[in-house]
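Trainee: In the working numbering, the protein residues as written are 458 to 718. Before I ask anything, here is the structure I am working with.
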């Protein structure tokens, strides 16, 4: 066994990445030409050029939940305990933009901002005390204590509340029914209830989520609801009596905190 075998940054790393991606994309039914290159942040960048069209929910040059899941799975298979780790980034039709670690950005910005705030706050307090006795300022302070400005400040927060909940109204949408789609969704709901398994639909349009929620009406033993926001929104099937997963199907419990979602 050579010294680089089994090491994520070793000489066999690129061939392993290329073989794993080729096998996974082939099983998905979306073969692609792979363009591998070293990224500036030390990771391995891979551009996926799909031969017969991209999977649903994947657009060239944009991030998607499908690519995020594929990237997570690939790095899980590459990064085993006891090996040197090197991150792999995936992009559709082009190389993804390198994303610096958030923990590396915070220390650089904090000291400069703290020094400026301390230096600016000391002289600014003295002129403010000299202007405090002005008669025009006192009525404004009394009005503030009376609670009127506080009520005005709460209105924007109240106005934003309906905007967040507006995304959770798929059940109220009027959509055209698809009999084949409805039958497939109801079978999945019945399977979730009978086996006690959790299922989810991701990367769906709002109209398709509405069709799913309408299709499962009347199916017992399972709760179906839309969760999340934006491109992370999904339809989740939750059985009334969940069954434990077999231990052999669980992923290894390592480097969970290394995932940069």
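We treat Cβ as the ideally placed atom computed from N, Cα and C, and that holds for glycine.
Measure the C-alpha to C-alpha separation of residue 501 and residue 510 and round it to an integer number of angstroms.
Mentor: Roughly 24 Å between the two C-alpha positions.
Trainee: Among 673, 491 and 475, which has the Cα closest to the Cα of residue 735?
Mentor: Here the chain comprises residues numbered 458 to 718, so residue 735 is not present and cannot be evaluated.
Trainee: Out of curiosity, what's the CA-to-CA distance linking residue 548 and residue 486?
Mentor: Each residue's alpha carbon lies about 18 Å from the other.
Trainee: Determine, using beta-carbon pairs with one atom in the stretch 686–701 and one in the stretch 648–662, whether at least three such pairs fall under 8 Å.
Mentor: With the cut-off at 8 Å, the stretch 686–701 and the stretch 648–662 touch.
Trainee: Figure out for me which residue from 685, 527 and 679 has the closest Cα to the Cα of residue 652.
Mentor: Closest by alpha carbon: 679.
Trainee: State the beta-bridge partners of residue 502 as determined by DSSP.
Mentor: BP columns for residue 502 point to 494 and 546.
Trainee: Is the stretch 470–481 close to the stretch 526–540, with three or more CB pairs under 8 Å?
Mentor: Yes, since at least three Cβ pairs between the stretch 470–481 and the stretch 526–540 fall closer than 8 Å, the two stretches touch.
Trainee: Kindly indicate which three-state DSSP category residue 642 falls into: helix, strand or coil?
Mentor: It is helical.
Trainee: Looking at C-alpha atoms only, which residue of 513, 506 and 497 is the closest neighbour of residue 543?
Mentor: For the residues 513, 506 and 497, the minimum Cα distance to residue 543 belongs to 497.
Trainee: Around the Cβ of residue 703, are there at least 16 other Cβ atoms within 10 angstroms (buried) or fewer (exposed)?
Mentor: The residue in question, residue 703, is exposed, as its Cβ has fewer than 16 Cβ neighbours within 10 Å.
Trainee: May I have the straight-line CA-CA distance separating residue 512 from residue 505, to the nearest angstrom?
Mentor: Those two C-alpha atoms are separated by around 11 Å.
Trainee: In three-state DSSP terms, what is residue 692?
Mentor: Residue 692 falls in the strand class under three-state DSSP.
Trainee: Going straight from the alpha carbon of residue 508 to that of residue 682, what length do you get?
Mentor: Going by the C-alpha atoms only, they are around 35 Å apart.
Trainee: Rounded C-beta distance between residue 701 and residue 655? I'm assuming under 8 Å.
Mentor: Not a contact, Cβ separation roughly 12 Å.
Trainee: Per DSSP, which residues does residue 632 bridge with? Please list them.
Mentor: None, per the DSSP bridge assignment.
Trainee: Can you give me the Cβ contacts of residue 489 inside the same chain, cut-off strictly under 7 Å, excluding the 5 residues immediately before and after it?
Mentor: Same-chain partners within the cutoff: 482, 505, 506, 507 and 508.
Trainee: What residues in its chain sit with their C-beta under 8 Å from that of residue 642, if we drop five residues either side in the sequence?
Mentor: The residues are 668, 669, 672 and 673.
Trainee: Going straight from the alpha carbon of residue 493 to that of residue 517, what length do you get?
Mentor: Rounded to whole angstroms, residue 493 to residue 517 spans 16 Å at the Cα level.
Trainee: State buried or exposed for residue 638, treating a residue as buried only when at least 16 other CB atoms are found within 10 Å of its CB.
Mentor: When all chains shown are included, residue 638 counts as exposed.
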